[in-house]
Structures are given as C-alpha cells and as structure tokens.
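First the structure, in the form of structure tokens, and then the observations on it.
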Amino acid sequence: MLKDNLYTIRTKNVLSESEIELDIQLDQEHEIFKGHFPQQAVLPGVCLIDMLTEILSEHLNKPLQLTEASAVKYLRMVTPDKDSNLKLKLIFDQQESGVALQASSLLEDASTNMKFKGVYKY
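Each residue of the sequence shown is one higher than the one before, counting from 12 in the working numbering.
Here is the structure:
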C-alpha cells in the first residue's frame, strides 16, 4: 500500500454518493524518488493510478481490481520538490460487477497533471 507511506490524505470531502475530492501530501523523502529519477525526482504515473485504486477501494470498502484503463493522460510531471500537495477528484458509478471511475489529479498551481478513465471489478 502506498497510503501512509508514499502519501497521506490531508482532507477528504464527500461531495455526493458518487464523487469525492481529496488533498494528498506526498512524502518527498520516499525511496521511490531516489530511483525515479536520481537527477530529477518524478512521481511515476503508475503510482497515481495505484493511489486512485487504493482511495476508491477504501472509500467503497471493497477490494478492487483494475480491468480497463480506457483513457490515461499524463499532462504534466509531478515533481515532489515543487508539487508535494495534490488534489484528486474522483467521480464513480457503481454497477453490479464493479465500478467505473473518472478521475483527475491537480498540482498545487491548480493545473491538471493527469486524467484517468477506467473500470474496476469487485
């Protein structure tokens, strides 16, 4: 798990039964930044997807497995020395066999750095 290791949740706002927003604090000293990349630390994109999965799974209180990532767009890099705080927005639709998710990640300057659209099974 990355929660309480790579990141901590500072605030979580439940906007509706299908929408949440979170403020995330990255651990700038985490080991992952020493290897990715030593000259310029960057949060790996797969970590953002793992964070979304963990957060949604915890919110729904159900284990989730990503089965489809129909759209993943990385628009800007997350560099922990400049962007250690992220805002995540998750909009989800629960179905019988799983959940569809649309999510975005915003940097400290409010610019979008990632957009995600995918499907998880329970």
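Ideal Cβ placement from N, Cα and C applies to all residues, glycine included.
Item                                                                                            : Value
As assigned by DSSP and simplified to three states, the class of Met12                          : coil
Cβ neighbour criterion (16 or more within 10 Å) applied to Ser116                               : buried
Best match in Val25, Leu54, Lys73, Tyr18 for proximity to Tyr133 [C-alpha to C-alpha]           : Lys73
Distance, Ala52 Cα to Gly46 Cα                                                                  : 8 Å
Per-residue burial, Asp94 [other beta carbons within 10 Å of its own, 16 or more giving buried] : buried
Sub-7 Å separation of Ala114 and Leu63 beta-carbons                                             : yes
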